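Colleague: Quick one: the structure is below, and I'll ask about it shortly.
Number of protein chains: 2
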Amino acid sequence: MTRQSLTIVFPLYQQITQLDFTGPHQILSRLPGARVIRASADGGVVTAEDGLTFPTQRLAEVEACDVLCVPGGFGCAEAMLDAAFIGEVRRLGLGARYVTSVCTGSLILGAAGLLRGRRAACHWAWRDLLVPFGATPDAARVVRDGHVLTGGGVTAGLDFALTLAAEIAGPDVAQALQLGFEYSPEPPFDAGRPETAPPQILAAVEAHTAKMIAPRREAVMAAAAALRAGADG
Amino acid sequence: MTRQSLTIVFPLYQQITQLDFTGPHQILSRLPGARVIRASADGGVVTAEDGLTFPTQRLAEVEACDVLCVPGGFGCAEAMLDAAFIGEVRRLGLGARYVTSVCTGSLILGAAGLLRGRRAACHWAWRDLLVPFGATPDAARVVRDGHVLTGGGVTAGLDFALTLAAEIAGPDVAQALQLGFEYSPEPPFDAGRPETAPPQILAAVEAHTAKMIAPRREAVMAAAAALRAGADG
Numbered sequence: 006m007t008r009q010s011l012t013i014v015f016p017l018y019q020q021i022t023q024l025d026f027t028g029p030h031q032i033l034s035r036l037p038g039a040r041v042i043r044a045s046a047d048g049g050v051v052t053a054e055d056g057l058t059f060p061t062q063r064l065a066e067v068e069a070c071d072v073l074c075v076p077g078g079f080g081c082a083e084a085m086l087d088a089a090f091i092g093e094v095r096r097l098g099l100g101a102r103y104v105t106s107v108c109t110g111s112l113i114l115g116a117a118g119l120l121r122g123r124r125a126a127c128h129w130a131w132r133d134l135l136v137p138f139g140a141t142p143d144a145a146r147v148v149r150d151g152h153v154l155t156g157g158g159v160t161a162g163l164d165f166a167l168t169l170a171a172e173i174a175g176p177d178v179a180q181a182l183q184l185g186f187e188y189s190p191e192p193p194f195d196a197g198r199p200e201t202a203p204p205q206i207l208a209a210v211e212a213h214t215a216k217m218i219a220p221r222r223e224a225v226m227a228a229a230a231a232l233r234a235g236a237d238g
Numbered sequence: 006m007t008r009q010s011l012t013i014v015f016p017l018y019q020q021i022t023q024l025d026f027t028g029p030h031q032i033l034s035r036l037p038g039a040r041v042i043r044a045s046a047d048g049g050v051v052t053a054e055d056g057l058t059f060p061t062q063r064l065a066e067v068e069a070c071d072v073l074c075v076p077g078g079f080g081c082a083e084a085m086l087d088a089a090f091i092g093e094v095r096r097l098g099l100g101a102r103y104v105t106s107v108c109t110g111s112l113i114l115g116a117a118g119l120l121r122g123r124r125a126a127c128h129w130a131w132r133d134l135l136v137p138f139g140a141t142p143d144a145a146r147v148v149r150d151g152h153v154l155t156g157g158g159v160t161a162g163l164d165f166a167l168t169l170a171a172e173i174a175g176p177d178v179a180q181a182l183q184l185g186f187e188y189s190p191e192p193p194f195d196a197g198r199p200e201t202a203p204p205q206i207l208a209a210v211e212a213h214t215a216k217m218i219a220p221r222r223e224a225v226m227a228a229a230a231a232l233r234a235g236a237d238g
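Here it is as structure tokens:
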């Protein structure tokens, strides 16, 4: 990896939340020297929650990267339990200059053993699931702990990507990207965090996610057990 | 079109800015009854500026839609001059409940004759190119003029999509989506608009876009001439 090239790998899996990935992809692909690789365990086409499809190459074929960026999504529970996928994430993460994630992608970093003793962000509804992986949940929108940069839920990927852009290429490049993408947000409501959303909106969203809690927690506990077994083995 | 179904069509073309499209796609696809169609003039695979690829169906095969949403991108100039593409955008737009765009997608709506006498948004660097199409440029991030909703540059697509979500499904649904996507932005810099960006950043971005001005203006003038010829014919 020379100074001129910047290899960015997005490990993808079925049922990602595509905006976790497409937001940072849009921004980071414009960094000087960026070479962006979309890869998955089997190298097939990945289908996002909303039906968008993304061709990938095999993670095992990716030698190394400067930036590893794992998106979140409904499929994260299954991905955490895919030993081949997690093994590749771990291998690439151990050699990366920056280990990063958006949304529930941090749970996958956790399952890969890359967050032990680290503070990390996650989607607000799933933040506490970082604990079994030895990480400390942090409610900040973008969390930096050493070379590990993690973003909160979905749209935090934009703030994360500009933060990483500034880190890698300097604040002038990051600000030029921000201006080019006209990132001067004006959300029509103040409902983007559980602390600011009207109580009935929070209750509705929590009711919707309630049915996902048990299976996702179960997946996290199994992935954390596998991680401990690997570490002890 | 029954009340239960909501057909949303994204007309795509080569060299779109994928975030113009993927942002609203992520949000609008979660609206009750949403059926999202990605379509292009020839029904092939569309490649975005940053290399992401999107399979499409043929626009001519799309009977009608509730929402027409045109993204922007480097390829907008060429798309404006593609008579088949513009003809389909016009046909679908004339029957749509909502005619919408993100970024330079409004130039395509203009070329299709859908913005005559309307106020519209566009990416800040290209806003004045709306004038030859009989539209009035508006610097707001999301602009509504009757059933025409347009967003500013790239990331304005998120604010636009939540505004449209509230319009279609009510503010409770829109706020639940905002919370689900944790849209509580914290840009790391205040450089997202030409009015707030440091002068040297603005100068750098303007120098970068300078070479695109002449060909894009030429395309707009040709598209506006074709539009007038069509109206007179």
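Residue numbers (my numbering), protein chains in the order written: chain A, 6 to 238; chain B, 6 to 238. Yeah, the Cβ is synthetic: ideal placement off N, Cα and C, and Gly gets one too. Keep in mind that this is a model prediction, so the values were computed, not measured.
Does the Cβ of Glu93/A have 16 or more other Cβ atoms within 10 Å, making it buried, or fewer, making it exposed?
Modeller: Buried is the call here.
Colleague: Name, please, each residue of chain B whose Cβ falls closer than 8 Å to the Cβ of Phe90/A.
Modeller: Simply none; closest approach about 21 Å.
Colleague: With 7 Å as the limit, tell me which residues of the segment 120 to 153 of chain A have their beta carbon closer than that to any beta carbon of chain B; keep them in chain order.
Modeller: Listed by position, the residues of the segment 120 to 153 of chain A near chain B (Cβ gap below 7 Å) are His128, Trp129 and Arg146.
Colleague: Residues of chain A with CB under 8 Å from Thr109/B, in chain order?
Modeller: The contacting residues do not exist; Thr109/B stays about 11 Å from chain A at best.
Colleague: Which runs of the beta strand (DSSP E), 3 residues or longer, sit entirely within the segment 70 to 98 of chain A?
Modeller: If we require 3 residues or more, the beta strand (DSSP E) runs fully inside the segment 70 to 98 of chain A come out as 72 to 75.
Colleague: Quick one: which chain A residues come within Cβ less than 8 Å of Arg198/B?
Modeller: Per Cβ cutoff of 8 Å: Leu184, Glu187 and Ser189.
Colleague: Using a Cβ-Cβ cutoff of 9 Å, what residues of the segment 52 to 63 of chain A are near chain B? List them in chain order.
Modeller: Answer in chain order: Ala53, Glu54, Asp55, Gly56, Leu57, Thr58, Phe59 and Pro60.
Colleague: My understanding is that Phe138/B touches Gly115/B, with C-beta atoms under 8 Å, so please give their C-beta distance in whole angstroms.
Modeller: Rounded, the Cβ-Cβ distance is 3 Å, consistent with contact.
Colleague: So, helix, strand or coil for Glu136/A, using DSSP?
Modeller: Note on identity: in this sequence residue 136/A is Val, with Glu being the wrong assignment. Val136/A: helix per DSSP, three-state reduction.
Colleague: Would you mind telling me which residues of chain B sit closer than 8 Å to Ala181/A, beta carbon to beta carbon, in chain order?
Modeller: Ordered by position in chain B, the residues that pass the 8 Å Cβ test against Ala181/A are Ala196, Ile206, Ala209, Val210 and His213.
Colleague: According to DSSP, simplified to helix, strand and coil, what is Ile21/B?
Modeller: Looking at Ile21/B - three-state DSSP - the assignment turns out to be coil, as it is neither helix nor strand.
Colleague: Does Thr7/A come within less than 7 Å of chain B when only Cβ atoms are used?
Modeller: Any reading at Thr7/A must be qualified, since the residue scores a pLDDT of 45, below 50, and its modelled position is unreliable; the value itself is stated next. No, no contact with chain B.
Colleague: If we count the other Cβ atoms within 10 Å of its Cβ and call it buried at 16 or more, is Pro76/A buried or exposed?
Modeller: Result: buried.
Colleague: Where are the alpha helix (DSSP H) runs, 4 residues long or more, that stay fully inside the segment 182 to 237 of chain B, in chain order?
Modeller: Listed in chain order, the complete alpha helix (DSSP H) runs (minimum 4 residues) inside the segment 182 to 237 of chain B are 204 to 237.
Colleague: Can you list, in chain order, the residues of its chain whose CB lies under 6 Å from that of Thr201/B, leaving out five sequence neighbours each side?
Modeller: Excluding positions up to five away in sequence, the list reads Asp195.
Colleague: Is Pro37/A helix, strand or coil by DSSP?
Modeller: Coil at Pro37/A, not helix or strand.
Colleague: Between the C-alpha atoms of Pro16/B and Leu73/B, what's the straight-line distance to the nearest angstrom?
Modeller: In a straight line, the C-alpha of Pro16/B is about 8 Å away from that of Leu73/B.
Colleague: Do Val225/A and Thr22/A have their beta-carbon atoms positioned less than 7 Å apart in this structure?
Modeller: No, the pair does not count as a contact, with Cβ atoms beyond the cut-off.
Colleague: Cys127/A: which of Gly156/A, Ala117/A and Ala140/A sits nearest, CA to CA?
Modeller: When each option's Cα is compared against that of Cys127/A, the closest is Gly156/A.
Colleague: In chain order, what residues of the same chain have a beta carbon less than 7 Å from the beta carbon of Gly38/B, not counting five sequence neighbours either side?
Modeller: Once the five neighbours on either side are set aside, the close Cβ partners of Gly38/B are Gln9, Ser10 and Leu11.
Colleague: Taking all protein chains shown into account, decide if His30/A is buried (16 or more other Cβ within 10 angstroms of its Cβ) or exposed.
Modeller: Burial call: buried.
Colleague: Using a Cβ-Cβ cut-off of 7 Å, state whether Val159/B counts as contacting chain A.
Modeller: Chain A, which has a Cβ nearer than 7 Å to the Cβ of Val159/B, makes this yes.
Colleague: Going by DSSP, what residue range makes up the beta strand (DSSP E) through Leu154/A?
Modeller: Element bounds for Leu154/A: Val153 to Gly156.
Colleague: Near Ala208/A, which residues of its chain fall below 8 Å by C-beta distance, leaving aside the five closest residues on each side in sequence?
Modeller: Excluding residues within five positions, none has a Cβ falling inside 8 Å.
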